[in-house]
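Asker: Residue numbering for the sequence shown follows the working numbering, starting at 477 and increasing by one per position.
We put the CB at the ideal spot given by N, CA and C, even for glycine.
Bear in mind that the values here come from a model prediction, so they are computed numbers and not experimental data.
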Amino acid sequence: MNNHFFSDYFAKLQDMNQLWWKELDSGKAAMNTPVTKALNDINLEDATEFLEKAAAQPSALAKVQMDWWENQVKIWQNVAVGNTTAESAFIKPAKDDKRFSDPAWENEAFYNYIKQSYLLFSNTMRETIDSIEGVDDKTKERLGYFSRQAINALSPTNFVTTNPELAKLTVETNGENLIKGMELLQEDLQSSADVLKIRMTNDGAFELGVNIANTEGDVVFKNELFELIQYKPLTEAVHKIPLLIVPPFINKYYILDLRDHNSMVRWLVEQGHTVFMMSWRNPDASLKDVDFDNYVLDGVVKAVDAVEEITGQKHINTVGYCIGGTLLATTLAYYAAKRMRNRIKSATFFTTLLDFSQPGEIGAYINDPIITAIEAQNNAAGYMDGRSLSVTFSLLRENSLYWNYYVNNYLKGQSLIDFDLLYWNGDSTNVAAKCHNTLLRQFYLDNKLVESKGYKVGGVYIDLSKIKVPTYFISTQEDHIALWQGTYRGAKQLGGKSTFVLGESGHIAGIVNHPQKNKYGFWVNDSNEENADVWLAGAKRQDGSWWTHWNGWLTEFSPAEQVSPRVIGSETYAPLYVAPGDYVKQVLPLSES
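#1: Output yes or no for whether 7 Å exceeds the beta carbon distance between Phe-1033 and Asn-818.
#2: Quick check: is any heavy atom of the ligand ADP less than 6 Å from the C-beta of Asn-639?
#3: Whose C-alpha, out of Ala-538, Leu-865, Ile-820, is nearest the C-alpha of Ser-904?
#4: Would the region 848-861 and the region 509-519 be scored as touching if the rule is three or more Cβ pairs under 8 Å?
#5: Please classify Ser-577: is it buried, with 16 or more other beta-carbons within 10 angstroms of its beta-carbon, or exposed?
#6: Below 8 Å on the Cβ atoms is my contact criterion, and I expect Thr-750 with Leu-719 to pass it. Report the Cβ-Cβ distance as a whole number of Å.
#7: What is the DSSP secondary structure of Asp-670, counted as helix, strand or coil?
#8: Sort out for me which residues DSSP pairs Gly-796 with in a bridge.
#9: Hey, Val-783 and Phe-752: beta-carbon distance below 7 Å or not?
#10: In the DSSP assignment, what are the bridge partners of Asp-694?
#11: Give, in chain order, every unbroken run of the beta strand (DSSP E) that is at least 3 residues long and sits entirely within the region 963-999.
#12: Taking the beta strand (DSSP E) that Phe-635 belongs to, which residues open and close that run?
#13: Could you pull the start and end residues of the beta strand (DSSP E) that Ser-739 belongs to?
#14: Any contact of the region 868-882 with the region 625-642, i.e. 3+ C-beta pairs under 8 Å?
#15: Just mark Leu-732 as buried or exposed, buried being the case when its beta carbon has 16 or more other beta carbons within 10 Å.
#16: Reducing DSSP to helix, strand and coil, say where Gly-503 ends up.
#17: How big is the Cα-Cα spacing for Asn-885 and Glu-700?
#18: How about Arg-618 and Asp-831: do their beta carbons lie closer than 7 Å?
#19: Which residue wins for smallest C-alpha separation from Arg-675, given the options Glu-663, Gly-685, Thr-806?
#20: Leaving out five residues on either side along the sequence, give the residues of the same chain with a beta carbon under 7 Å from the beta carbon of Asp-736.
#21: What's the gap between the Cα of Gly-962 and the Cα of Asp-760?
#22: For Asn-628, which residues in the same chain have their Cβ closer than 6 Å to its Cβ, ignoring the five residues on either side in sequence?
#23: Going by the CB atoms, is the gap between Gln-533 and Ile-608 shorter than 7 Å?
#24: The beta strand (DSSP E) that contains Ile-688, what's its start and end?
#25: Going along the chain, which unbroken runs of the beta strand (DSSP E) with 3 or more residues stay wholly within the region 999-1055?
#26: Thinking C-alpha only, which one of Gln-592, Ser-1040, Gly-685, Asp-572 is nearest Ala-580?
#27: Quick one: any contact between the region 642-649 and the region 839-848, if contact means 3 or more CB pairs under 8 Å?
#28: What residue does the alpha helix (DSSP H) around Tyr-1059 start on, and which one ends it?
#29: Going along the chain, which residues of its own chain have a beta-carbon closer than 6 Å to the beta-carbon of Gly-620, five neighbours each way excluded?
#30: Indicate whether Ala-849 and Ala-523 have their beta-carbon atoms separated by less than 7 Å.
#31: Spatial neighbours of Leu-959 within its chain, please: CB distance less than 6 Å, with the 5 preceding and 5 following residues excluded, ordered by chain position.
#32: Just verifying my parser: in three-state terms, what is the DSSP assignment at Val-945?
#33: Could you check the C-alpha separation between Gly-986 and Gly-748 for me, to the nearest Å?
#34: Would the region 680-688 count as touching the region 1035-1046 if we require 3 or more Cβ pairs under 8 Å?
#35: Return helix, strand or coil for Leu-489, following the three-state DSSP convention.
#36: In this structure, how does DSSP classify Thr-952 when only helix, strand and coil are distinguished?
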């Protein structure tokens, strides 16, 4: 490498150091947050408990250590005699582990040895935690999760000197990959909150309302929490019963309206549905006191009123996605508690938790000390910063959703790709402080929503068993945010007839699965099993998108005779401006605007 590389590289490094110290001085660095301090305290307590139990079980530790040593010797022997093929490897990466795809990890003895030793160490750490008896299950879960995070952060693939692909690229480009990567890292540091948020796509490739979120429609209602979009009909006749979609307020709605080829909104309109979409405001500190019940009373309830008045229908079909589904179910239970007339014809829930006793890996953060620290941080800021929330979710699948982009962006210096789904993923949304605190403590920690007198809305207790409308639950097999076994438990809490469907893939890709692609199949089972695994054992897999199965179910709740396409809005709810509206265009950081 020439002197030009070193001068440029160290100049960028100096700039980064100055930026980092500025972050430290302003109190934004992750090491200074109350949440990080709480995590450190919890990890120390967990480690102390584990070591105390382990000290009383020396034989268990000795066995794990002996197995590790024997396996390490076998790796060395294999590599020493030249057995570096994938077939001869003693320790192999998981099938979905893409980190070691470069041929040099197999063909070159040095890298082969590093790879297998690293994988062995990773496996041994997991076995060590599992081998010690008497450790609380929640403690083991946290130890497993955070040790995995640390081990994967230290993967040899994340460093130039121990990654053959990076070493070769750095030599071939004369270090230009590191210069470019340093520039991207500087930009990301400046736009991150208390944790580095790595960009996954080219932010300049998409424009809302132009080449993404561009299904035609108008905003027909607006208050301080949401805008209501009514979409333009595309068929000569439409179903009589309209459809209201309640997206999560921790993300922007257009995950369901990306581009023409994968927009659920456009597809539903093409099937003859009159579709309404709620678009949530991106809250700043002025909305710090907005709570979950406000999203019910000033959100979903207001939207239902508007849809009924615009369409002239007394019943509507509804959809809730993720926490939007939790919000929808709470609204239905509120209607039941108030003994109001039945306004909802059917309710569909996309990857929705109602019973939070099985939250998945996010459970590593669900304990009183960490939640107390998050509450303090939220109350001080007035909101949970969406950038930090986005990183937290990415780190639930750290290798594919975090370190992969760290390597590609900062070490390979690759140009960012144009990918609509990743653009949406990076378009973060804050959560109002009081609402986020409620979600964490009352729902995730205390699981109040499934108690008959656990949570109140508008002065009345919520009882999910009072919901009698037909429901359709679609969850996904690889969901790391809303574990499908947990969503199944929630479906059992409702009182009406429920249809449960399990799709392939994960929280996003398994839902945004357009029938034209037919990329993923799904499982169905009409049997009303109490146990999720028993249900799956008796389920039948079907090819194609679950959308068509759901649409068949949905049309059962609308008269066979269709009506003329509806005009957008009404005298009471006149169109305000064209979709996608204003709220969806709000960008972070809002605190500085």
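Answerer: In short:
#1: No, the pair does not count as a contact, with Cβ atoms beyond the cut-off.
#2: Of the ligands one can find in the structure shown there are none, so the ligand ADP has no counterpart to examine.
#3: The shortest C-alpha separation from Ser-904 is found at Leu-865.
#4: At 8 Å Cβ cutoff, the stretches touch.
#5: With fewer than 16 Cβ atoms within 10 Å of its Cβ, Ser-577 is classed as exposed.
#6: Between Leu-719 and Thr-750 the Cβ distance is about 7 Å, and since that is below 8 Å, they are a contact.
#7: The answer is coil: DSSP assigns Asp-670 none of H, G, I, E or B.
#8: Paired residues: Val-722, Phe-825.
#9: Yes; because the gap between Cβ atoms is below 7 Å, this pair is in contact.
#10: According to DSSP, which records beta bridges pairwise, Asp-694 is partnered with Gln-706, Val-1054.
#11: Look at the region 963-999 and you find these whole runs of beta strand (DSSP E), each 3 residues long or longer: 974-979.
#12: Where Phe-635 is concerned, there is no enclosing beta strand (DSSP E), given that its DSSP letter is neither H nor E.
#13: No beta strand (DSSP E) holds Ser-739; DSSP gives it neither H nor E.
#14: Judged by Cβ distances under 8 Å, the region 868-882 makes contact with the region 625-642, as three or more pairs qualify.
#15: With at least 16 other beta carbons inside 10 angstroms of its own, Leu-732 counts as buried.
#16: With a pLDDT of 41 at Gly-503, under the threshold of 50, the modelled position of that residue is not reliable, and no figure is offered here.
#17: Between the alpha carbons of Asn-885 and Glu-700 lies a gap of roughly 38 Å.
#18: The Cβ atoms of Arg-618 and Asp-831 do not sit closer than 7 Å to each other.
#19: The option with the nearest alpha carbon to Arg-675 is Glu-663.
#20: Once the five neighbours on either side are set aside, the close Cβ partners of Asp-736 are Arg-742.
#21: Answer to the nearest angstrom: the Cα atoms are 31 Å apart.
#22: Non-local C-beta neighbours of Asn-628 in its own chain, meaning closer than 6 Å and more than five positions away in sequence, comprise Glu-874, Asn-875, ordered along the chain.
#23: A contact, by the Cβ cut-off of 7 Å.
#24: Run containing Ile-688: none; DSSP gives neither H nor E here.
#25: Listed in chain order, they are 1016-1018.
#26: Proximity to Ala-580 across Gln-592, Ser-1040, Gly-685, Asp-572 peaks at Gln-592, based on C-alpha coordinates.
#27: No: the two stretches stay apart, fewer than three of their Cβ pairs being nearer than 8 Å.
#28: Tyr-1059 -> no alpha helix (DSSP H), and no H or E assigned at all.
#29: For Gly-620, where only same-chain residues beyond five positions count, the Cβ hits under 6 Å are Ile-605.
#30: Cβ atoms of Ala-849 and Ala-523: not closer than 7 Å.
#31: So the qualifying residues of the chain are Gln-834, Gly-836.
#32: DSSP, reduced to helix, strand and coil, places Val-945 outside both helices and strands of the structure shown, so it counts as coil.
#33: Taking the CA atoms as reference points, Gly-986 sits about 23 Å from Gly-748.
#34: These segments do not touch.
#35: In this prediction, Leu-489 has a pLDDT of 48, which is less than 50 and means its spatial position is unreliable; what the coordinates show is noted afterwards. Here Leu-489 sits in helix by DSSP.
#36: DSSP places Thr-952 in strand when its eight states are reduced to three.
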